[in-house]
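Before any comments, here is the structure.
There are 4 protein chains.
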Amino acid sequence: MTTATATTVTAQDGGRGYLSNKDNYLTRLRRIEGQARGLQAMVAEEKYCIDILTQISAMTSALQSVALGLLDEHLNHCLLQAAIVGGDQADARMREASDAISRLVKS
Amino acid sequence: MTTATATTVTAQDGGRGYLSNKDNYLTRLRRIEGQARGLQAMVAEEKYCIDILTQISAMTSALQSVALGLLDEHLNHCLLQAAIVGGDQADARMREASDAISRLVKS
Amino acid sequence: MTTATATTVTAQDGGRGYLSNKDNYLTRLRRIEGQARGLQAMVAEEKYCIDILTQISAMTSALQSVALGLLDEHLNHCLLQAAIVGGDQADARMREASDAISRLVKS
Amino acid sequence: MTTATATTVTAQDGGRGYLSNKDNYLTRLRRIEGQARGLQAMVAEEKYCIDILTQISAMTSALQSVALGLLDEHLNHCLLQAAIVGGDQADARMREASDAISRLVKS
């Protein structure tokens with residue numbers, strides 16, 4: 003990646019590396035919202051605990067997959083740019099990316 | 003817990019140990035649905051990746067907490083009853099509880 | 003499972019449901035100890051970060067698998083017995099099992 | 003960070019961002035090895051399941067903490083350098099870092 007390309011990318015999506023896949027993320031998050039509504043229906047209709055837990059595991063995996071996708075695009079766009087620019091801002095961005103990863107691993 | 007109590011509980015909520023807290027779970031799941039909608043708004047408004055990831059971690063924790071609550075009530079109601087009844091059914095219920103725990107730990 | 007069987011099991015392994023597979027668990031834990039030593043060698047020899055992280059993920063999975071095995075046997079032996087005996091002890095055992103599951107899910 | 007500094011760092015520890023804390027990591031991994039030995043002693047002495055599970059959770063957290071430390075240093079040293087150098091190598095390094103993060107989040 004040349005500095006020229008990096009500048010172009012910055013202008014387009016500085017800190018929003020997911021933008022080229024925005025519709026894809028919106029679709030997945032809408033499906034996750036549907037799963038949350040489905041869980042409420044299961045509780046309201048008094049479904050079996052274990053079946054509810056199975057749906058929660060599926061929803062957690064879907065959410066984790068969105069997070070890993072966003073993080074991957076963040077590393078490949080935002081962090082790469084920050085690194086090229088360098089300086090304190092690069093350090094700060096690395097720090098916040100590290101913190102976000104810690105929260106994901108622990109959640 | 004005496005066998006008599008266990009039988010009463012079975013009649014009320016066999017396999018649905020969360021029923022006494024049904025409203026509480028519905029409220030929490032509605033909030034989680036709201037979080038899923040909030041995430042869509044963040045993506046639509048092109049918010050910063052890291053802020054979206056922070057919200058996803060919060061939502062994952064809320065979901066995990068619902069799952070652990072349901073599992074706790076499942077162990078204390080459904081599994082206790084199954085154990086008292088005994089036989090193949092108890093074994094089958096233990097197996098499915100174990101499997102649900104594995105999925106939660108791995109998801 | 004009849005009360006007679008349960009009593010026999012209690013006499014053998016009350017609270018130590020893993021005993022029939024003791025050698026299997028010892029073998030797996032020895033292998034995990036070996037993985038911990040292997041990681042030290044990798045750091046000492048200054049191996050590439052990502053390769054060390056791959057080994058840590060493998061070791062974490064092995065450890066999680068031992069935990070899920072122990073928990074499964076705990077549910078099937080210790081908790082089943084406690085449930086049959088009933089009373090406050092059953093409640094206390096369910097509580098500590100729930101807490102152990104929470105720690106595993108969150109760790 | 004200037005390119006000059008980056009070059010110096012590359013010469014010292016290209017892909018081994020943890021080197022300045024090598025002794026710290028060795029100490030922590032030795033302690034983790036000790037925990038693995040302690041677990042074997044607990045199984046050999048037929049300790050209570052739940053106590054063994056508590057130790058496994060502690061060991062998993064210690065291991066996860068080492069992984070997050072290594073990953074943080076990898077992002078701050080190796081990836082920053084790769085980003086500055088740019089090109090296919092930067093992309094490849096980002097890809098392998100993303101994959102390592104996925105494995106950590108899922109393990």
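Residue numbers (my numbering), protein chains in the order written: chain A, 3 to 109; chain B, 3 to 109; chain C, 3 to 109; chain D, 3 to 109.
The C-beta atom is built at its ideal place from N, Cα and C for all residues, glycine as well.
Item, Value
"Cutoff 8 angstroms: A/GLU47 Cβ touching any chain B Cβ", "no"
"For C/LEU55 and A/LEU21, the rounded distance between their alpha carbons", "30 angstroms"
"Beta carbon of A/LEU28 nearer than 8 angstroms to that of B/GLN83", "no"
"Host alpha helix (DSSP H) of C/ASN26 (start-end)", "24-46"
"D/LEU77 and D/ALA99 closer than 8 angstroms at C-beta", "yes"
"Chain B within 8 angstroms of C/VAL102, Cβ atoms only", "The amino acid occupying residue 102 of chain C in the given sequence is Ala; Val does not appear at that position. No, no contact with chain B."
"Nearest residue (CA-CA) to C/ARG18, options D/ALA94, D/ALA46, D/GLY36, D/LYS108", "D/ALA46"
"Endpoints, alpha helix (DSSP H) assigned at B/SER63", "51-75"
"Beta carbon of A/LEU81 nearer than 8 angstroms to that of A/ARG95", "yes"
"Burial state of B/ASP74, where buried means 16 or more other Cβ atoms lie within 10 Å", "buried"
"Residues in the stretch 78-101 of chain D having any Cβ partner in chain C nearer than 9 angstroms", "HIS79, CYS80, ARG95, GLU98, ALA99, ASP101"
"Inter-residue spacing [alpha-carbon to alpha-carbon] between C/ARG39 and D/GLU35", "6 angstroms"
"Residue closest to D/GLN57, alpha-carbon to alpha-carbon, out of C/LYS49, C/HIS79, C/GLN66, C/ALA92", "C/GLN66"
"Neighbour list for B/GLY19 in chain A, Cβ cutoff strictly below 8 angstroms", "CYS51"
"C/LEU106, enclosing alpha helix (DSSP H) - first and last residue", "89-108"
"Nearest neighbour of C/MET61, chosen from D/ASP90, D/ASP93, D/LEU31 [CA to CA]", "D/LEU31"
"Own chain partners of A/ALA92 with C-beta closer than 7 angstroms, once the 5 adjacent residues on each side are dropped", "ALA84, ALA85"
"Distance, C/MET44 Cα to C/ALA6 Cα", "Confidence is the limiting factor: at C/ALA6 the pLDDT is only 35, short of 50, which leaves the residue's position unreliable, though a coordinate-based value still follows. Spanning the two alpha carbons is a distance of roughly 53 angstroms."
"Close Cβ partners of D/GLN37 (< 6 angstroms) along its chain, the five nearest in sequence each way excluded", "MET61"
"C-alpha distance - A/SER63 paired with B/SER109, whole-angstrom precision", "6 angstroms"
"B/ASP90 to C/HIS79 span [Cα, whole Å]", "14 angstroms"
"Reference A/LYS167, options B/LYS24, B/ALA102, B/ASP53, closest by Cα", "Outside the shown range of chain A (3 to 109) lies residue 167 of chain A, about which nothing can therefore be said."
"Where C/LEU70 meets chain B, residues with beta-carbon distance less than 8 angstroms", "SER100, ILE103, SER104, VAL107"
"Close beta carbons around D/VAL68, own chain, < 6 angstroms, minus the five adjacent residues each side", "ARG30"
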